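Note that numbering that gives the first Met the number 0 has the sequence shown beginning at 0, numbered continuously upward. I have placed the structure first, in the form of structure tokens, so that the comments after it can refer back to it.
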Amino acid sequence: MFDAPTSSALELADEMAGKDSHELDPLLIADLRLHFSEQELGEIILLCGQANLNNRAGNAAKQLLGEQ
């Protein structure tokens with residue numbers, strides 16, 4: 000469905016959004032390094048991290064403030 004680089008980036012996003020994201024799979028790391036430069040990896044990490052933060056903040060706001 001997706002090409003290899005996109006699949007790897009999506010897997011990284013999924014890993015980063017998980018509850019235990021302190022250690023990434025070494026095979027995923029190797030795969031990402033095959034497809035992306037250090038600058039591209041940095042951009043992907045920041046984008047995924049920002050989306051994750053927004054989702055967590057939104058979920059907390061819904062629970063604390065209710066849907067309005």
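Ideal Cβ positions, reconstructed from N, Cα and C, are used throughout, including at glycine. Note that this is a predicted model, so its numbers are computed, not measured.
Given residue i as reference, the closest of the options once Cα atoms are compared
| i | options | result |
| --- | --- | --- |
| Glu10 | Ile44, Gly65, Gln38 | Ile44 |
| Thr5 | His21, Asp19, Phe35 | Phe35 |
| Ala3 | Glu66, Leu33, Asp24, Glu14 | Leu33 |
| Gly41 | Glu66, Lys61, Ala12 | Ala12 |
Exposure of residue i, with buried meaning 16 or more beta-carbon neighbours within 10 Å
| i | result |
| --- | --- |
| Ala8 | buried |
| Leu31 | buried |
Straight-line gap, residue i to residue j (C-alpha atoms, nearest Å)
| i | j | result |
| --- | --- | --- |
| Gly57 | Ala16 | 14 Å |
| Leu27 | Glu37 | 15 Å |
| Leu63 | Cys47 | 24 Å |
| Ala60 | Lys18 | 19 Å |
| Ala29 | Glu14 | 15 Å |
| Gly65 | Phe1 | 37 Å |
| His21 | Asn51 | 14 Å |
Exercise. Please go through the region 16 to 41 and give each complete alpha helix (DSSP H) segment of 4 or more residues, from N-terminal end onward.
Key: 25 to 34
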